[in-house]
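Taking the working numbering, the leading residue of the sequence shown gets 56, the next gets one more, and so forth.
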Amino acid sequence: MATIYLIRHGQASFGNHNYDQLSETGWEQARVLGHWLAGRVHPDVVIGGDMQRHRETVEAIASGYRAPFPDMQVAVGFNEFDPTSVVHRFRPEWADRERMQADLAATGHPAKAFQQTFTQAVQRWVSGDHDGEYPESWVEFKARVNGALDELIGWANGGDVFVSTSGGPIAVTIQSLLELSDSKALALNEVIANTSVTRVLYSGRRRSLAVFNNYSHLEAEGQDLVTFR
């Protein structure tokens, strides 16, 4: 059976004006992954969403791979959902970036406070009670991701594929494979590490989960490289 390697992007730049770019840690995480993959896996195809953090993750993996590496092809179906719209529907006042930063700073633990709010915002989105408020509903997001996987398998022709993507699409893929509830899919999303590797085996229409959220390449370099946001 061939393998699809679902790779979560390196750490993005939380708190910066452009969240979508990799942080210095994110670049290093992806370079470490590339070095770890070298000599172990030889992808036939490399796919990524069209987000900056997806592209930069592939660039860093390629630099660490130190061997010929396929150019990344874009598949927007593997993009993350829009977290900005999800958060702003829950906390409309946070459309004012300065207000959001002030509110978070006042808690004394901005990253933790943001994560708590983000979790609540995602739960509201997933509930289905407010679908008309979002540019993409939870149901539509799942259909997009699962459709992208179907399309990829259809033309990958039995080759091994790297997919640079985000936590949401990975969680949705696992949900589909294991027939999990929405709440369990969200719980999975909370623990997917940056540059972790999830392996999906496929042959024709057969698909099975082989490995979930492996980040041993980071642990081998030290716990400081292990991040989840």
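Yeah, the Cβ is synthetic: ideal placement off N, Cα and C, and Gly gets one too.
- Looking at the backbone, the Cα of residue 60 and that of residue 214 are separated by about 11 Å.
- With 16 or more other CB atoms across the displayed protein chains lying within 10 angstroms of its CB, residue 110 is buried.
- Around the beta-carbon of residue 167, fewer than 16 other beta-carbon atoms lie within 10 Å, marking it exposed.
- Taking 8 Å as the cut-off, the Cβ atoms of residue 254 and residue 265 count as close.
- For residue 230, no beta strand (DSSP E) run applies; the uninterrupted alpha helix (DSSP H) run containing it begins and ends at 222-233, by DSSP.
- With contacts defined by Cβ atoms closer than 8 Å, residue 201 and residue 223 do not form a contacting pair.
- Straight-line measurement puts the Cα of residue 187 at about 31 Å from the Cα of residue 248.
- Separation of residue 96 and residue 185 (C-alpha to C-alpha, rounded to the nearest whole angstrom) is 43 Å.
- For residue 128, the three-state secondary structure derived from DSSP is strand.
- Residue state for residue 275 is assigned as coil, using DSSP reduced to three classes.
- About 18 Å separates the Cβ atoms of residue 87 and residue 103, ruling out a contact at the 8 Å cut-off.
- The continuous stretches of beta strand (DSSP E) do not include residue 260, and DSSP gives it neither H nor E.
- Nearest neighbour of residue 275 by Cα position, chosen from 158, 256, 251, 172, turns out to be 251.
- Residue 63 has 220 as its beta-bridge partners, per DSSP.
- Considering only 217, 235, 76, the residue with the shortest C-alpha distance to residue 130 is 217.
- Remark: C-beta atoms of residue 115 and residue 124 do not approach each other more closely than 8 Å.
- CA-CA distance, residue 262 to residue 234, rounds to 13 Å.
- When 232, 197, 148 are compared, the shortest CA-CA separation from residue 181 is found for 197.
- Scanning 280, 279, 225, 257 for the CA closest to the CA of residue 268 turns up 225.
- With fewer than 16 other CB atoms across the displayed protein chains lying within 10 angstroms of its CB, residue 190 is exposed.
- The beta carbons of residue 145 and residue 121 sit no closer together than 8 Å.
- Counting C-beta atoms within 10 angstroms of its own C-beta, residue 238 has fewer than 16 neighbours from the protein chains shown and is therefore classed as exposed.
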